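Report on the structure given below.
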Amino acid sequence: MSRSRILGIFVVAAVALATGFLVAGQVRAELLTPSNQLARYQALVRSVQDLESTNESARAKIAALRADIDALEGAAAQRSATTQALKDQVADLRTHAGLTALHGPGVEVGLANGIPGPDQGGQAGYLIDYQDVQDVVNLLFAHGAEGVSVSGRRITPLSAFSGSEGEVVIDQGPPLTAPIKVLAVGDRNQMVTALDDPSSLPDLRDRVVRFQVVMAVSGSPDVKLPAYDSSLQIPHVSTP
Amino acid sequence: MSAPPRRPAAARRRSGRAIEIWLIALLVALVATVQIRSQAEVERSLVGTDTTTLAFLIDDLHRANDALSAETADLTQRKAALQSGGSSAADQELSAEANRLRAIEGLVPVHGPGIVMVVDASGLQALDLQDAVNNLSAAGAEAIDVNDHRVAMGVPILQTPGGVTIDGSLVMPPWTISVIGDANRLAEAADLMTQQMRGDRRVRQATYRVEADVRIGSVVTQRPFVYANQT
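These protein sequences, in sequence, are chains A and B. If you're matching positions, the first sequence starts at 1 in my numbering and goes up one per residue. If you're matching positions, the second sequence starts at 1001 in my numbering and goes up one per residue.
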């Protein structure tokens, strides 16, 4: 066997060895890791789905229990004038707290994501986020709204908005994503005027121009709001 | 008949080397393809939500579902009391709920554990106060007061030429924000908020303290509904 042949075999063996290490490295570093990542990701997604399903059924149960309690109180009120007077008081308080479905004249505000563009400040400006919804709801309450709901979630005196980019979490509900529909019952003209005012909602209006974020306002003679269907507990509050 | 001419040794060597090179190229191509496909698969599956966001979401949903469970237990108990008792049971339940709803709507003075935050700044806007109130509400605030003005969702916080108003009353800095709720959760939120505020050049002072009994004496004046009707 010539020297050049032996050298050739060594070169090929070295390259094969390097390739073998490369393949093994790939398998350990990349092929298995993505499959583990996928499995872990899928497990997280399943957890979210299970929790959302539990959340939905719990809220349905709460709504049913509140209806049952209302019926039982109604039956008791028919037997006692005192109970009837108390029930009337509570009915008014429940209406203001968002625990009763409402309807009346109002507005609908549709919010939808825009088109991705060059971001500023590391924020995805084309996405509708919880602060947009918070700003719209605050504006509506400040200009004649008597009740507000956001994509089927009724707003209460204790309501809060949170969420990461593109997600809107309201109270104990699962996250909402755009398109978001904000409904308000109240002084329709005052609300429409406030929403149309070019000086209101400056951040949202700016992103309407820059990212084509959608903010569509329409008045309606009869807007329907659902009742609040989550927890309204105040375990840390005492009255003197 | 003579045997077919054998290929020269040099030609055989060249052919062998070509095969070896092709084999190596094939292996490299295979590894590259698998690598690219694996990466693409991961990227496809992670579109939209990353695992950190999912983990936070799971945490939030657990907390939300715990709160819903507590509400369900409370309502079940109230239903059982109404079923077993007569009008007196109904009166008791209705009175208790009326008191609770008055506290929720800010119609009566309240007290309880919580935090008191003090923010002294010039140039802060209504949006800053709205954000602060929302952050505290998201951290479980059950009652909030700013400079002796009760605040709840629906109470207007507006920007006017004279400054920030709460339900029509001017609220000048420093803002003292008193909050009742789970003191640990509120303190976590207040800690983050004050840290952020101290990075804001407009803010002169941003502090908070945890208190065992925060007293809120201010109340909201409720206006009757004019447009809304019960369904």
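Don't be surprised by glycine CBs; every beta carbon is placed ideally from N, CA and C. Predicted model only: the values in this text are computed from it and were never measured.
Asked	Found
C-alpha distance - asparagine 189 of chain A paired with valine 45 of chain A, whole-angstrom precision	44 Å
Strand pairing of phenylalanine 161 of chain A, partner residues [DSSP]	A/Ile170
Where proline 221 of chain A falls: helix, strand or coil (DSSP)	strand
Whole-number beta carbon distance between glycine 1106 of chain B and valine 1219 of chain B, since they are thought to touch under 8 Å	6 Å
Best match in B/Ala1032, B/Glu1142, B/Gly1085 for proximity to leucine 232 of chain A [C-alpha to C-alpha]	B/Glu1142
Neighbourhood of proline 1161 of chain B by C-beta distance below 7 Å, restricted to the same chain and skipping five residues each side	none
Interface residues of the region 78-96 of chain A facing chain B [CB-CB below 9 Å]	Arg79, Ser80, Thr82, Thr83, Leu86, Lys87, Gln89, Val90, Ala91, Asp92, Leu93, Arg94, Thr95, His96
Length of the line joining the Cα atoms of aspartate 1120 of chain B and valine 1203 of chain B	6 Å
Residue from A/Glu167, A/Thr156, A/Ser149, A/Val182 whose Cα sits closest to the Cα of isoleucine 128 of chain A	A/Glu167
Glutamate 108 of chain A - containing beta strand (DSSP E), residue span	102-112
Cβ separation of methionine 1153 of chain B and proline 157 of chain A, assumed to be a contact under 8 Å, to the nearest whole Å	5 Å
Cβ neighbours of valine 241 of chain A in the same chain (closer than 6 Å, five flanking residues each side left out)	Nothing can be reported for residue 241 of chain A: it is not among the residues displayed for chain A, which extend from 1 to 240.
Rounded separation between glutamate 1043 of chain B and leucine 38 of chain A - CA only	The pLDDT assigned to glutamate 1043 of chain B is 46, lower than 50, so where the model puts this residue is not dependable; a value taken from the coordinates is nonetheless given after this. Near 10 Å, if we compare the C-alpha coordinates of leucine 38 of chain A and glutamate 1043 of chain B.
Cβ-based neighbour list, histidine 96 of chain A, same chain, cut-off 6 Å, excluding 5 preceding and 5 following	none
Local Cβ density within 10 Å of arginine 5 of chain A, reported as buried at 16 or more and exposed below that	exposed
Any alpha helix (DSSP H) of 4 or more consecutive residues that is wholly inside the region 1077-1163 of chain B	1087-1104, 1126-1138
Proximity winner among A/Ala14, A/Glu165, A/Tyr228, A/Pro221, relative to proline 116 of chain A (alpha-carbon distances)	A/Glu165
8 Å Cβ cutoff met for serine 151 of chain A and lysine 181 of chain A	yes
Per-residue DSSP class, three states only, for threonine 1052 of chain B	helix
Bridge partner(s) assigned by DSSP for arginine 154 of chain A	A/Ser149
Length of the line joining the Cα atoms of isoleucine 1115 of chain B and valine 1214 of chain B	7 Å
Separation of serine 199 of chain A from aspartate 206 of chain A, as counted between CA atoms	11 Å
Arginine 1100 of chain B: contacting residues in chain A (beta-carbon distance under 7 Å)	Ile234
Option nearest methionine 1197 of chain B by Cα separation, candidates B/Asp1050, B/Arg1012, B/Asn1135	B/Asn1135
Whether glycine 147 of chain A touches alanine 184 of chain A by CB criterion (8 Å)	yes
Buried versus exposed call for aspartate 171 of chain A [16 or more other C-beta atoms within 10 Å across all chains shown]	buried
Beta-carbon proximity of glycine 144 of chain A to glycine 104 of chain A, cut-off 8 Å	no
Per-residue burial, valine 1226 of chain B [other beta carbons within 10 Å of its own, 16 or more giving buried]	exposed
Range of the contiguous alpha helix (DSSP H) that encloses arginine 188 of chain A	188-196
Helix, strand or coil at proline 1205 of chain B according to DSSP, with G and I counted as helix	A small correction: the amino acid at residue 1205 of chain B is glutamine; proline does not occupy that position in the sequence shown. Of the three classes helix, strand and coil, the one that applies to glutamine 1205 of chain B here is strand, per DSSP.
Residue burial classification, isoleucine 234 of chain A (beta-carbon count within 10 angstroms, cutoff 16)	buried
Alpha carbon of leucine 7 of chain A to alpha carbon of valine 1034 of chain B, nearest angstrom	31 Å
Closest by C-alpha distance to glutamine 1125 of chain B, when choosing among B/Thr1072, B/Ala1138, B/Thr1165, B/Ile1144	B/Thr1165
Outcome for methionine 22 of chain A when other beta-carbon atoms lying within 10 angstroms are tallied against a minimum of 16	The sequence shown places leucine at residue 22 of chain A, rather than the methionine named in the question. Exposed, because fewer than 16 other Cβ atoms sit within 10 Å of the Cβ of leucine 22 of chain A.
6 Å Cβ shell around arginine 66 of chain A - same chain, five flanking residues per side excluded	none
Per-residue DSSP class, three states only, for valine 1214 of chain B	strand
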